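Engineer: Protein chains in written order, with the numbering used here: chain A, 7 to 343; chain B, 35 to 313; chain C, 11 to 335.
One structure follows; several queries about it will come next.
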Amino acid sequence: MLRLLARRLAAALPTLAGVVVVTFLMTRALPGDPAAYFAGPAATREAVEEIRRQLGLDKPLWVQFGRYLADLARGDLGISITTGQPVLADIAQRLAASAELTLLGLLFAAGCGIPMGVAAALRPNSWVDHICRVLATAGVSLPTFFTGLLLIYVFYYVLGWAPAPLGRLDAFSSPPPHVTGFYLIDSLLAGERETFGAAAGQLALPALTLGIFALAPMGRMTRGAMLAVMSSDFIRAARASGLAGRTIVVRYALRNALLPIVTTLGMVLSFLLGANVLVEKVFAWPGIGSYAVEALIASDYAPVQGFVMTMAVLYVALNFLIDLAYQAIDPRVRIEA
Amino acid sequence: MSALAHARHVLAGNPVTGLAFALFALLLLAALAGPELVPYDPLASSDRALSPPSALHWFGTDNLGRDVFSRVAAAARLDLGMAFAAVALVFGTGTVAGVAAGFLGGWTDRVIGRVTDTIMAFPLFVLAMGLVAAAGNTVANVVYATAIINFPIYARVARTEANIRREAGFVEAARLAGASTATVMLFEILPNVLPIMMVQVSLTMGYAILNTAGLSFIGLGIRPPTAEWGIMVAEGAGYIVSGEWWIALFPGLALMLAVFTFNLMGDGLRDIVDPRRRT
Amino acid sequence: MTATRQPPLLAVEDLSVSFRTRSGTVRALEGVGFTIARGETVGIVGESGSGKSVTAYAVMRLLDPAARVTSGRIVFGGLDMLAADEATVAEIRGRELSMIFQNPRASLNPIRRVGAQIADVLVRHANLSARAAAERAVALLAEVGIPDPARRARAYPFELSGGMCQRVGIAIALACRPALLIADEPTTGLDVTTQATIMDLVAALGRARGMATMLITHDLGLATERCDRIVVMHAGHVVEDAPTEALFARPRHPYTERLLAATPRPGRSLADLRTIPGGLPDLRRDDLPPCRFHDRCHRRSVDCALPPLPRRVENGRLVACRHPL
Numbered sequence: 007m008l009r010l011l012a013r014r015l016a017a018a019l020p021t022l023a024g025v026v027v028v029t030f031l032m033t034r035a036l037p038g039d040p041a042a043y044f045a046g047p048a049a050t051r052e053a054v055e056e057i058r059r060q061l062g063l064d065k066p067l068w069v070q071f072g073r074y075l076a077d078l079a080r081g082d083l084g085i086s087i088t089t090g091q092p093v094l095a096d097i098a099q100r101l102a103a104s105a106e107l108t109l110l111g112l113l114f115a116a117g118c119g120i121p122m123g124v125a126a127a128l129r130p131n132s133w134v135d136h137i138c139r140v141l142a143t144a145g146v147s148l149p150t151f152f153t154g155l156l157l158i159y160v161f162y163y164v165l166g167w168a169p170a171p172l173g174r175l176d177a178f179s180s181p182p183p184h185v186t187g188f189y190l191i192d193s194l195l196a197g198e199r200e201t202f203g204a205a206a207g208q209l210a211l212p213a214l215t216l217g218i219f220a221l222a223p224m225g226r227m228t229r230g231a232m233l234a235v236m237s238s239d240f241i242r243a244a245r246a247s248g249l250a251g252r253t254i255v256v257r258y259a260l261r262n263a264l265l266p267i268v269t270t271l272g273m274v275l276s277f278l279l280g281a282n283v284l285v286e287k288v289f290a291w292p293g294i295g296s297y298a299v300e301a302l303i304a305s306d307y308a309p310v311q312g313f314v315m316t317m318a319v320l321y322v323a324l325n326f327l328i329d330l331a332y333q334a335i336d337p338r339v340r341i342e343a
Numbered sequence: 035m036s037a038l039a040h041a042r043h044v045l046a047g048n049p050v051t052g053l054a055f056a057l058f059a060l061l062l063l064a065a066l067a068g069p070e071l072v073p074y075d076p077l078a079s080s081d082r083a084l085s086p087p088s089a090l091h092w093f094g095t096d097n098l099g100r101d102v103f104s105r106v107a108a109a110a111r112l113d114l115g116m117a118f119a120a121v122a123l124v125f126g127t128g129t130v131a132g133v134a135a136g137f138l139g140g141w142t143d144r145v146i147g148r149v150t151d152t153i154m155a156f157p158l159f160v161l162a163m164g165l166v167a168a169a170g171n172t173v174a175n176v177v178y179a180t181a182i183i184n185f186p187i188y189a190r191v192a193r194t195e196a197n198i199r200r201e202a203g204f205v206e207a208a209r210l211a212g213a214s215t216a217t218v219m220l221f222e223i224l225p226n227v228l229p230i231m232m233v234q235v236s237l238t239m240g241y242a243i244l245n246t247a248g249l250s251f252i253g254l255g256i257r258p259p260t261a262e263w264g265i266m267v268a269e270g271a272g273y274i275v276s277g278e279w280w281i282a283l284f285p286g287l288a289l290m291l292a293v294f295t296f297n298l299m300g301d302g303l304r305d306i307v308d309p310r311r312r313t
Numbered sequence: 011m012t013a014t015r016q017p018p019l020l021a022v023e024d025l026s027v028s029f030r031t032r033s034g035t036v037r038a039l040e041g042v043g044f045t046i047a048r049g050e051t052v053g054i055v056g057e058s059g060s061g062k063s064v065t066a067y068a069v070m071r072l073l074d075p076a077a078r079v080t081s082g083r084i085v086f087g088g089l090d091m092l093a094a095d096e097a098t099v100a101e102i103r104g105r106e107l108s109m110i111f112q113n114p115r116a117s118l119n120p121i122r123r124v125g126a127q128i129a130d131v132l133v134r135h136a137n138l139s140a141r142a143a144a145e146r147a148v149a150l151l152a153e154v155g156i157p158d159p160a161r162r163a164r165a166y167p168f169e170l171s172g173g174m175c176q177r178v179g180i181a182i183a184l185a186c187r188p189a190l191l192i193a194d195e196p197t198t199g200l201d202v203t204t205q206a207t208i209m210d211l212v213a214a215l216g217r218a219r220g221m222a223t224m225l226i227t228h229d230l231g232l233a234t235e236r237c238d239r240i241v242v243m244h245a246g247h248v249v250e251d252a253p254t255e256a257l258f259a260r261p262r263h264p265y266t267e268r269l270l271a272a273t274p275r276p277g278r279s280l281a282d283l284r285t286i287p288g289g290l291p292d293l294r295r296d297d298l299p300p301c302r303f304h305d306r307c308h309r310r311s312v313d314c315a316l317p318p319l320p321r322r323v324e325n326g327r328l329v330a331c332r333h334p335l
């Protein structure tokens, strides 16, 4: 088992290498003067030259790459001009906010999308099926930022159910003692029920926005996978054994359908991590997405680079986890490997 | 059954696809003639700021008194144009690369595979952000970035198709007749792969539109005061919380309509070209 | 088996089934009727596409959603299978009436251990606890001749050979001691030696439990070896129904005669085998002749314009032909 893990990890390494190389090239090899980027728009010519010397941008490319790798190993992602802090510190501070949001969105998407897909597959061409398919296509067509704004308008402005989209907590609450960085978990751990309520309230709309976006591919994939599985021989054989409907759908069909669904998760995550940026901007969420967007507007370059790198590494790590999950579900991969 | 008759047969059985084509015609009209036909100048401000939809201003006015309807209709050219440029670019490069990878195999396949995998290692929108930020905040770079992040899917589909047809009879025949590898690729494989790639074009047009709009929403690409659906939503975002919903709603709806149309069209085209793959 | 005056275990009467497809309505079964008595082994024989499997699925009420039973009755153990509700039928399936399939590995859940799959049926029908079911599953695996059953119970189908998968299938089907086992081409996907052992196993288990068997096969030779009675089907019709020896000795339907002539037997060389001309008619046609063998038959006459309703010939024999041998 451990050997399998090691082998899978080794397979992920070339991808990580690719990520590092690309992020490096993105800053050094693209048109424009990297030094000017890092120095910022307000820098004087001397300041730009100073930065150029400091960051070694006057050295040959391969020397720069070596330096880049060394910096990465030290965790040095540069300094943000706007905050004045090391980028890594900024990101570490804000990562939990993004993670909590994205995870909740994913949970919502899976929690609604999968049952919807199952329901649609069990009654093909019924009105349930058609509604699910229309919802799915509509969900895919809506820009995430637009969905977010719509939700704010309906639930905050019109109905007044949701709190003002001002960030992770409302004006009256303060963050719970830091354990994981996830306000929902930390507030429960500290027994602060009002904080939990406040955090949950603020999380509702942005998580819903993200969730709606991911709901569509999950629902569609579940429907397709379930349809394929339900028409297979072993399902017919299970029915011939008189097994109860629920046993067949959940234990026999859905578990098998989960395999292609889990594979889709990778793609869904790619979309989610991108949509995360847009949602954070709409809801003023203090995560790494809005960090990057603010830095972009201020032409503060190092945070953007750090952000891309972090997201990519996260994505590789999550894909690795998905791969492991797949193997946990499918014994054929596990045993034959 | 001729191709046209087959197409008509499918459309008859699927009125939704017919609707999609009709909407596409409408969008095309807006893109081609929109800026010339709109009632107001999209850039002209007035003193009737923030007025809700009325007979005078069908979609209301924004914070600078500009007519939202005119801006939305005029923006069609820009949004559709950018998406189309990106898709055309990636269609050309992705198809050729994919066909080469699938047909030639070996090193070509491995290199192109590596490029594709590297692109896919990033969450795609994030990669686009990074590319535009690195290369400079221009419209051209937004188009290039959108093309790059769509490259993997085109290359992959083309590669699969080329792979399937590699051993086909007509390919053998061409080779025996003395055609060079390049000729076989260009004149035998490519034309066969095109129909499926066209389906892919329609499906990714929607995604490209969302992408360019998303990038401009966060300030990359088009800049105010140009009328573009993404920045219009961004400009209208601040007014949602005070109840002026029309500034962001109509450009958002336009976006949704465009993407929806291309998705439906893509599904319909797929039914025409390859009904086996129907979802 | 001596014929007793008991009501038959399974009675199929005048069954007609159609399928709606994109290219038309397929009249898959028309007027199919036969009976199976308790403990009897009946073979349903015919070419691919003759409707044998459709009949089996109709009996189990496992037809495709696109299928329509347009007429007929299926009575199993006194229960009208077509009129009963799904819950009642689900109770019977796996307990009184079960099935084994042509592709044994594809008929098992690929990501569930085989012991667990047997236990599922036991928990469902025999009301056993999970642990008791697991133990009984191991015992069943031993009964079907799988060596080292305790270890094998934890195996996944992909780790077992085709023959072993079929044994597992048999264990599942026989777990609750059904009165009737439907075997749909159970050995077609297996090699010859395994075929014989599997058939022996089914026969032995059947005999020991007084179980009836409906053996579906395209192999007339296999049917004559294993069955008490044979029902010959052609293009959705039952054409002949007779005890094996009588059928073998003296076929009455021209199609049966052709089938026998095309079946390899010891003592016959390949050169002796004769093919049956033509192929099955297209069952979507509106102008199907009343006798669906008409176009391929060398004995067709003017009488054949009338429907060939099944008629009793000798004791226990039925032929559906206007011009029988």
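All C-beta atoms in this analysis are idealised placements derived from N, C-alpha and C, irrespective of residue type, glycine included.
Please read these numbers as outputs of a predicted model, since none were measured by experiment.
Comparing the C-beta of G230 of chain A with each C-beta of chain C, is any distance below 8 angstroms?
Structural biologist: Locating residue 230 of chain A in the first sequence gives position 224, counting from the first residue. For G230 of chain A, the answer is no, since every Cβ of chain C falls outside 8 angstroms of its Cβ.
Engineer: Pick from C:V36, C:A21 and C:D95: whose alpha carbon is nearest that of A66 of chain C?
Structural biologist: Here residue 66 of chain C refers to the residue found at position 56 when the third sequence is read from its first residue. For A66 of chain C, the nearest C-alpha among the options comes from C:A21.
Engineer: Whole angstroms is fine: what's the gap from G154 of chain A's alpha carbon to I218 of chain A's?
Structural biologist: Mapped onto the first sequence, residue 154 of chain A falls at position 148. Mapped onto the first sequence, residue 218 of chain A falls at position 212. Between G154 of chain A and I218 of chain A, the C-alpha separation is close to 10 angstroms.
Engineer: Just verifying my parser: in three-state terms, what is the DSSP assignment at E23 of chain C?
Structural biologist: Reading the third sequence from its first residue, position 13 is the one you call residue 23 of chain C. Of the three classes helix, strand and coil, the one that applies to E23 of chain C here is strand, per DSSP.
Engineer: At least one CB of chain A closer than 8 angstroms to the CB of M32 of chain C: is that the case?
Structural biologist: In the third sequence, the residue the question calls residue 32 of chain C occupies position 22. The sequence given here places Arg at residue 32 of chain C; Met does not occur at that position. Taking Cβ atoms only, chain A never reaches closer than 8 angstroms to R32 of chain C, which makes this a no.
Engineer: Would you identify the three-state DSSP class for D75 of chain B, choosing helix, strand or coil?
Structural biologist: Stepping through the second sequence from its first residue, residue 75 of chain B is reached at position 41. Here D75 of chain B sits in coil by DSSP.
Engineer: In the DSSP assignment, what are the bridge partners of T45 of chain C?
Structural biologist: In the third sequence, the residue the question calls residue 45 of chain C occupies position 35. T45 of chain C is bridged to C:A21.
Engineer: Return the CA-CA distance between I274 of chain B and V164 of chain A, expressed in angstroms with no decimal places.
Structural biologist: To locate residue 274 of chain B, count along the second sequence from 1; it is residue 240. To locate residue 164 of chain A, count along the first sequence from 1; it is residue 158. About 10 angstroms.
Engineer: So, A252 of chain C versus R239 of chain C, is the Cβ gap smaller than 8 angstroms?
Structural biologist: For the purposes of this step, residue 252 of chain C is taken as the residue at position 242 of the third sequence. For the purposes of this step, residue 239 of chain C is taken as the residue at position 229 of the third sequence. Result yes, Cβ atoms of A252 of chain C and R239 of chain C sit closer than 8 angstroms.
Engineer: Please report the straight-line C-alpha distance between A233 of chain C and V248 of chain C, rounded to a whole angstrom.
Structural biologist: Residue mapping note: residue 233 of chain C aligns to position 223 of the third sequence, counting from 1. Residue mapping note: residue 248 of chain C aligns to position 238 of the third sequence, counting from 1. Roughly 16 angstroms between the two C-alpha positions.
Engineer: Closer than 8 angstroms by C-beta to S104 of chain A: which residues in its own chain qualify, once you throw out the five before and the five after it? Chain order, please.
Structural biologist: Translated into positions along the first sequence, residue 104 of chain A becomes position 98. For S104 of chain A, where only same-chain residues beyond five positions count, the Cβ hits under 8 angstroms are N282, E286, W291, G293, I294 and G295.
Engineer: Is DSSP giving E198 of chain A helix, strand or coil here?
Structural biologist: Walking along the first sequence from the start, residue 198 of chain A turns up at place 192. E198 of chain A: coil per DSSP, three-state reduction.
Engineer: With DSSP run on the structure shown, which of helix, strand or coil describes G82 of chain C?
Structural biologist: The residue labelled residue 82 of chain C in the question sits at position 72 within the third sequence. DSSP places G82 of chain C in strand when its eight states are reduced to three.
Engineer: Is the Cβ of N297 of chain B closer than 8 angstroms to any Cβ of chain A?
Structural biologist: To locate residue 297 of chain B, count along the second sequence from 1; it is residue 263. So, interface residue.
Engineer: L66 of chain B to R111 of chain B, Cα distance in whole Å?
Structural biologist: The sequence position of residue 66 of chain B within the second sequence is 32, counting from 1. The sequence position of residue 111 of chain B within the second sequence is 77, counting from 1. Straight-line Cα distance between these residues: approximately 7 angstroms.
Engineer: For a contact meaning CB atoms closer than 8 angstroms, what does T269 of chain A contact in chain B?
Structural biologist: Taking the first sequence and counting its residues from 1, the one referred to as residue 269 of chain A is at position 263. Correct list: empty, because the minimum Cβ distance to chain B is about 13 angstroms.
Engineer: In the DSSP assignment, find the beta strand (DSSP E) that holds H308 of chain C and state where it starts and stops.
Structural biologist: What you label residue 308 of chain C is simply residue 298 of the third sequence in a count that begins at 1. That residue, H308 of chain C, is in no beta strand (DSSP E); it is neither H nor E in DSSP.
Engineer: DSSP three-state label for A76 of chain C, please.
Structural biologist: Looking up residue 76 of chain C in the third sequence gives position 66. DSSP places A76 of chain C in coil when its eight states are reduced to three.
Engineer: Nearest chain B C-beta to A79 of chain A closer than 8 angstroms, yes or no?
Structural biologist: Along the first sequence, one-based indexing puts residue 79 of chain A at 73. Not closer than 8 angstroms to any Cβ of chain B, the Cβ of A79 of chain A fails to qualify, so no.
Engineer: Under three-state DSSP, which class holds A169 of chain B?
Structural biologist: Position 135 of the second sequence, counted from the first residue, corresponds to residue 169 of chain B. If DSSP states are grouped into helix, strand and coil, A169 of chain B belongs with the helices.
Engineer: Please list, in chain order, the chain C residues whose beta carbon lies closer than 7 angstroms to that of A331 of chain A.
Structural biologist: By 1-based counting over the first sequence, the position of residue 331 of chain A is 325. Per Cβ cutoff of 7 angstroms: no residues; A331 of chain A is ~13 angstroms from chain C at best.
Engineer: Under the three-state reduction of DSSP, which class applies to T194 of chain B: helix, strand or coil?
Structural biologist: To locate residue 194 of chain B, count along the second sequence from 1; it is residue 160. Residue state, collapsed to three classes: helix.
Engineer: Work out the CA separation of A192 of chain B and E23 of chain C for me, nearest whole Å.
Structural biologist: Here the question's residue 23 of chain C lines up with position 13 in the third sequence. Here the question's residue 192 of chain B lines up with position 158 in the second sequence. Computed Cα separation, rounded: 55 angstroms.
Engineer: Along chain B, in chain order, which residues have C-beta atoms closer than 8 angstroms to that of K287 of chain A?
Structural biologist: For this step, residue 287 of chain A is matched to residue 281 along the first sequence. By Cβ distance, chain B contributes F251 and I252.
Engineer: Would you list, in sequence order, the uninterrupted alpha helix (DSSP H) runs of no fewer than 4 residues that lie entirely inside the stretch 265-318 of chain A?
Structural biologist: The qualifying runs are 294-303.
Engineer: Do the CB positions of M174 of chain C and K62 of chain C come within less than 8 angstroms of each other?
Structural biologist: As a working note, residue 174 of chain C is residue 164 in the third sequence. As a working note, residue 62 of chain C is residue 52 in the third sequence. Not closer than 8 angstroms, so no.
Engineer: So with CB distances below 7 angstroms, who are the chain C contacts of S247 of chain A?
Structural biologist: By 1-based counting over the first sequence, the position of residue 247 of chain A is 241. In chain order: R103, G104, S108, V131 and I182.
Engineer: With distances taken between CB atoms, is the gap from A213 of chain A to V274 of chain A smaller than 8 angstroms?
Structural biologist: By one-based count along the first sequence, residue 213 of chain A stands at place 207. By one-based count along the first sequence, residue 274 of chain A stands at place 268. No, these two residues do not count as a Cβ contact at 8 angstroms.
Engineer: Taking the straight line between their C-alpha atoms, what separation do you get for A189 of chain C and G136 of chain B?
Structural biologist: As a working note, residue 189 of chain C is residue 179 in the third sequence. As a working note, residue 136 of chain B is residue 102 in the second sequence. Near 56 angstroms, if we compare the C-alpha coordinates of G136 of chain B and A189 of chain C.
Engineer: Can you list, in chain order, the residues of its chain with a C-beta nearer than 7 angstroms to that of L98 of chain B? Leave out the 5 residues immediately preceding and following it.
Structural biologist: The count along the second sequence starts at 1 and reaches residue 98 of chain B at position 64. Same-chain partners within the cutoff: S79 and A83.
Engineer: Can you tell me where the alpha helix (DSSP H) holding T108 of chain A begins and where it ends?
Structural biologist: Counting from 1 along the first sequence, the entry for residue 108 of chain A is found at position 102. It spans V93 to L128 - the alpha helix (DSSP H) in which T108 of chain A sits, taken as one unbroken run.
Engineer: Thinking L177 of chain B and A120 of chain B are a contact (beta carbons under 8 angstroms), I'd like their distance in whole angstroms, please.
Structural biologist: Within the second sequence, numbered from 1, the residue matching residue 177 of chain B stands at position 143. Within the second sequence, numbered from 1, the residue matching residue 120 of chain B stands at position 86. Checking the sequence, you will find Val at residue 177 of chain B rather than Leu. Right, their Cβ atoms sit about 5 angstroms apart.
Engineer: Using 10 angstroms around the beta-carbon of P264 of chain C, count the other beta-carbons present and answer buried if the total reaches 16, otherwise exposed.
Structural biologist: As a working mapping, residue 264 of chain C is identified with position 254 in the third sequence. Classification for P264 of chain C: buried.
Engineer: Are the C-beta of A343 of chain A and some C-beta of chain C separated by less than 8 angstroms?
Structural biologist: Reading the first sequence from its first residue, position 337 is the one you call residue 343 of chain A. Since pLDDT at A343 of chain A reaches only 47, below the 50 mark, its modelled position is unreliable, and no value is offered.
Engineer: Assess, as a yes-or-no matter, whether the stretch 92-111 of chain C is touched by the stretch 181-196 of chain C under the definition of 3 or more beta carbon pairs within less than 8 angstroms.
Structural biologist: Yes, the stretch 181-196 of chain C touches the stretch 92-111 of chain C.
Engineer: Between Y307 of chain A and F44 of chain A, how many whole angstroms is the CB-CB distance? I'm expecting something under 8 angstroms.
Structural biologist: Here residue 307 of chain A refers to the residue found at position 301 of the first sequence. Here residue 44 of chain A refers to the residue found at position 38 of the first sequence. Yes, Y307 of chain A and F44 of chain A are in contact; Cβ-Cβ is about 5 angstroms, under 8 angstroms.
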